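A.B. asks: Those sequence lines, one after another, are chains S, D, Y and P.
Position 129 (the first sequence) corresponds to 129 in this note's numbering; numbering is contiguous.
In this note's numbering, each residue carries its 1-based index in the second sequence increased by 1000.
In this note's numbering, each residue carries its 1-based index in the third sequence increased by 2000.
In this note's numbering, each residue carries its 1-based index in the fourth sequence increased by 3000.
Cβ atoms here follow ideal geometry from the backbone N, Cα and C, with glycine treated the same way.
Please read these numbers as outputs of a predicted model, since none were measured by experiment.
4 protein chains.
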Amino acid sequence: MGLALSKDELSQYLKGVFPQVHRDFVVEDLTEETITMRLVVEDRHLRPGGTVSGPSMFGLADVCVYAMVLARKGRQSLAVTTNSSLDFLRKPEGGKDLIAECRLLKLGRTLAVGDVLIYSVGSDQPVARASMTYSIPPAGSSAAKFG
Amino acid sequence: MGLALSKDELSQYLKGVFPQVHRDFVVEDLTEETITMRLVVEDRHLRPGGTVSGPSMFGLADVCVYAMVLARKGRQSLAVTTNSSLDFLRKPEGGKDLIAECRLLKLGRTLAVGDVLIYSVGSDQPVARASMTYSIPPAGSSAAKFG
Amino acid sequence: MGLALSKDELSQYLKGVFPQVHRDFVVEDLTEETITMRLVVEDRHLRPGGTVSGPSMFGLADVCVYAMVLARKGRQSLAVTTNSSLDFLRKPEGGKDLIAECRLLKLGRTLAVGDVLIYSVGSDQPVARASMTYSIPPAGSSAAKFG
Amino acid sequence: MGLALSKDELSQYLKGVFPQVHRDFVVEDLTEETITMRLVVEDRHLRPGGTVSGPSMFGLADVCVYAMVLARKGRQSLAVTTNSSLDFLRKPEGGKDLIAECRLLKLGRTLAVGDVLIYSVGSDQPVARASMTYSIPPAGSSAAKFG
Chain S
1 MGLALSKDEL SQYLKGVFPQ VHRDFVVEDL TEETITMRLV VEDRHLRPGG
51 TVSGPSMFGL ADVCVYAMVL ARKGRQSLAV TTNSSLDFLR KPEGGKDLIA
101 ECRLLKLGRT LAVGDVLIYS VGSDQPVARA SMTYSIPPAG SSAAKFG
Chain D
1001 MGLALSKDEL SQYLKGVFPQ VHRDFVVEDL TEETITMRLV VEDRHLRPGG
1051 TVSGPSMFGL ADVCVYAMVL ARKGRQSLAV TTNSSLDFLR KPEGGKDLIA
1101 ECRLLKLGRT LAVGDVLIYS VGSDQPVARA SMTYSIPPAG SSAAKFG
Chain Y
2001 MGLALSKDEL SQYLKGVFPQ VHRDFVVEDL TEETITMRLV VEDRHLRPGG
2051 TVSGPSMFGL ADVCVYAMVL ARKGRQSLAV TTNSSLDFLR KPEGGKDLIA
2101 ECRLLKLGRT LAVGDVLIYS VGSDQPVARA SMTYSIPPAG SSAAKFG
Chain P
3001 MGLALSKDEL SQYLKGVFPQ VHRDFVVEDL TEETITMRLV VEDRHLRPGG
3051 TVSGPSMFGL ADVCVYAMVL ARKGRQSLAV TTNSSLDFLR KPEGGKDLIA
3101 ECRLLKLGRT LAVGDVLIYS VGSDQPVARA SMTYSIPPAG SSAAKFG
């Protein structure tokens, strides 16, 4: 199975449907099984002490798996997150972007699962690990539904 | 074991250290084992289609367990989230605040665990379930550390 | 929506399809939204030190949600576990049965989610918390599939 | 940081403290950051239909991270599982052993986190993904405690 969208097509699509998300996230690399995304860290992502907030890391992991499903299934996909688990491992380095490396572990008829490791740029020690499950509505559904 | 902070003391403390968080979250109720918090839903919490975003629900669950630990351990507590799991069950109703009901399941020497059900105001069907683990550094530590 | 199986019908069905499971687990109570099950603790469930093993607690939580789906959807249901998360909170008391209290949080067309608190008999402090997601194949499928 | 136990020392230690576990599990490979373990699948690990049971896969993932902590911290370590999350991705192939590939993501003062992919022998499509958190009691503690 190949990619339904190239890296550029995926970036353009995300820009169109999620203007705000597109400002935060950059697709750095895309293959049939993996995606690398950057969170461009700005003040609104920070917690007191200069560390990146938990919700920002959640959002980064979530958009990775969503983008991976889009890239494989195409623009009409209406997948919704049904489950997530995250481990916060180390404090991100203040003022550095985050890089998320995501693998697609399963792309089934109704469920997709990906896992993600998040790093501060330039570090090889992960700051967080995440896994995300998406529910994929049947083709022809008029709206995303929760399982 | 009793509360180290009353509901009003907790609200004042959150307001002081997290001015932005305080704008979003309201402590509705507090007991020794439970806390109820409201997410005052505004445009910045929404996704296309009018539903509340995943990161906003993550943030609501996270702040519940953090506030519960503060209320029991006191202001000097420097707990950090180490693990979270969330199930997204139903689409939140657009334009309605979210109410999170949190129970403290464990408050140990080094770990605290809480679970959370999140509802759209006025509904009795949960939109999300979450559990969160916090690591509590030993008293006297100068900074929060990740386990 | 009502129960498709009574407590006795559910117990009989579990006994028929899972003779070994039936020896370990007893349905103590069943309502439309909740189930209470007992793990009859024997030597094979124990770890050195006399505590109940993690896999045994996983199995107890898993069978709760499975039985709850059966009780609502009926015997033809072929649900399979797709996700689980567990927090181990306290050491179970050696030699005591475990009681699991499960709530069905969602019973959708394709996904069911339940959460579970596990106690040593006679204690009101949970030893573990679990949540489980089941994928429910469409009616008429000849076999359970993973999403 | 190096290994406190070699692969052979680790296997001998597991054999001594967990005679039953040692019969099920074989350490296939060990490095400072990774461990590969085999579950020797027998009838007691199976569910009707011939697939490996969820509790058996939970146990395999759990023993991987435990063994990894032992290999790094040494025999005196008394780590206990505090959190786990698992995604079940595909049906394991009946009658085949399972291979678990575990990475140690964090080995802190009080917490260790590992993640695990589980495969049927000879397949490159994972049947399950797991992450496990262990709490490590301070040196000198006489017994493992839950956080």
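How far does the beta strand (DSSP E) with GLU3028 of chain P in it extend, from its first residue to its last?
C.D. replies: 3025-3030
A.B. asks: Rounded to whole angstroms, what's the CA-CA distance from ASN3083 of chain P to ALA3061 of chain P? Just pull it up for me.
C.D. replies: 12 Å
A.B. asks: With DSSP as the reference, label ALA1004 of chain D as helix, strand or coil.
C.D. replies: coil
A.B. asks: How would you list, in chain order, the residues of chain S whose beta-carbon sits under 8 Å from the beta-carbon of SER2006 of chain Y?
C.D. replies: Ordered by position in chain S, no residue passes the 8 Å Cβ test against SER2006 of chain Y, which lies about 27 Å from the chain.
A.B. asks: Using a beta-carbon distance cut-off of less than 7 Å, what residues from the stretch 1094-1127 of chain D approach chain Y?
C.D. replies: Against chain Y - using a Cβ distance shorter than 7 Å - the residues of the stretch 1094-1127 of chain D are LEU1105, LYS1106, VAL1113, ASP1115 and PRO1126.
A.B. asks: Express the C-alpha separation of ARG103 of chain S and GLN12 of chain S in angstroms, rounding to a whole number.
C.D. replies: 21 Å
A.B. asks: DSSP three-state call for LEU1107 of chain D: helix, strand or coil?
C.D. replies: In the three-state scheme derived from DSSP, where H, G and I count as helix and E and B as strand, LEU1107 of chain D is classed as strand.
A.B. asks: Could you give the residue range of the beta strand (DSSP E) that holds VAL3080 of chain P?
C.D. replies: 3080-3088
A.B. asks: Would you say THR36 of chain S lies against chain D (beta-carbon separation less than 8 Å)?
C.D. replies: no
A.B. asks: So, are the CB atoms of ILE3035 of chain P and VAL3027 of chain P less than 8 Å apart?
C.D. replies: yes
A.B. asks: When we look at the beta-carbon of LYS15 of chain S and count the other beta-carbons within 10 Å, is it buried (16 or more) or exposed?
C.D. replies: exposed
A.B. asks: Following the continuous beta strand (DSSP E) through ARG2038 of chain Y, name the residue where it begins and the one where it ends.
C.D. replies: 2034-2039
A.B. asks: When the Cβ atoms of the stretch 1065-1079 of chain D are set against those of the stretch 69-77 of chain S, are three or more pairs found closer than 8 Å?
C.D. replies: no
A.B. asks: Would you kindly report the start and end of the unbroken beta strand (DSSP E) that includes ARG2129 of chain Y?
C.D. replies: 2128-2135
A.B. asks: Give me the subset of the stretch 2052-2078 of chain Y whose CB atoms are less than 8 Å from a CB atom of chain P, sorted by chain position.
C.D. replies: SER2053, GLY2054, PRO2055, SER2056, PHE2058, GLY2059 and ASP2062
A.B. asks: What residue range is occupied by the uninterrupted alpha helix (DSSP H) comprising VAL69 of chain S?
C.D. replies: In the DSSP assignment, VAL69 of chain S falls within the unbroken alpha helix (DSSP H) covering 54-73.
A.B. asks: So, does the CB of THR2133 of chain Y fall closer than 8 Å to a CB anywhere in chain C?
C.D. replies: Of the chains in the structure shown, none is chain C; the protein chains are S, D, Y and P.
A.B. asks: Considering only C-alpha positions, which residue in the set D:HIS1045, D:GLY1050, D:ASP1124 and D:LEU1005 is nearest to PRO55 of chain S?
C.D. replies: Taking only the C-alpha atoms, the option nearest PRO55 of chain S is D:HIS1045.
A.B. asks: Which same chain residues, not among the five before or five after SER2120 of chain Y, have their C-beta less than 7 Å away from its C-beta?
C.D. replies: Here the set comprises PRO2092, GLU2093, LYS2096, LEU2098 and VAL2127.
A.B. asks: DSSP on GLU3101 of chain P, reduced to helix/strand/coil?
C.D. replies: strand
A.B. asks: What three-state label does DSSP hand VAL3116 of chain P in the structure shown?
C.D. replies: strand
A.B. asks: For chain S, find out if any of its Cβ atoms is closer than 8 Å to the Cβ of SER1142 of chain D; answer yes or no.
C.D. replies: Low confidence applies to SER1142 of chain D: its pLDDT is 49, below 50, so where it sits in the model is not reliable, and the reading given next is rough at best. By this cut-off, SER1142 of chain D is not an interface position.
A.B. asks: Who are the Cβ neighbours of ARG129 of chain S in its own chain at under 8 Å, not counting the five residues just before and after it?
C.D. replies: LEU86, ASP87, LEU89, ASP115, VAL116, LEU117 and ILE118
A.B. asks: Per DSSP, which one or two residues make a beta bridge with LEU3046 of chain P?
C.D. replies: P:VAL3052
A.B. asks: State the Cα-Cα distance for the pair PRO3137 of chain P and THR1051 of chain D, rounded to the nearest angstrom.
C.D. replies: 43 Å
A.B. asks: Short of 8 Å in beta carbon distance, which residues of its chain neighbour GLY2002 of chain Y, apart from the five on each side in sequence? Order them along the chain.
C.D. replies: GLU2032
A.B. asks: To which residues of the same chain is ALA2143 of chain Y closer than 7 Å at the C-beta, ignoring the five residues directly before and after it?
C.D. replies: Low local confidence applies: a pLDDT of 49 at ALA2143 of chain Y is under 50, so the model's placement there is unreliable, with the coordinate-based value given in what follows. The residues are LEU2078.
A.B. asks: Give the single residue among D:LEU1030, D:PHE1058 and D:PRO1019 whose Cα lies nearest to the Cα of ALA1004 of chain D.
C.D. replies: ALA1004 of chain D has its Cα closest to that of D:LEU1030, out of D:LEU1030, D:PHE1058 and D:PRO1019.
A.B. asks: Could you work out which residue in D:MET1037, D:GLU1042 and D:SER1053 is closest to VAL1063 of chain D when comparing CA atoms only?
C.D. replies: D:MET1037
A.B. asks: Would THR2133 of chain Y and LEU2111 of chain Y be called neighbours here (beta carbons separated by less than 8 Å)?
C.D. replies: yes
A.B. asks: Can you look up VAL121 of chain S in the DSSP assignment and give me helix, strand or coil?
C.D. replies: coil
A.B. asks: GLN3012 of chain P by DSSP, collapsed to three states: which one?
C.D. replies: The answer is helix: DSSP assigns GLN3012 of chain P an H, G or I state.
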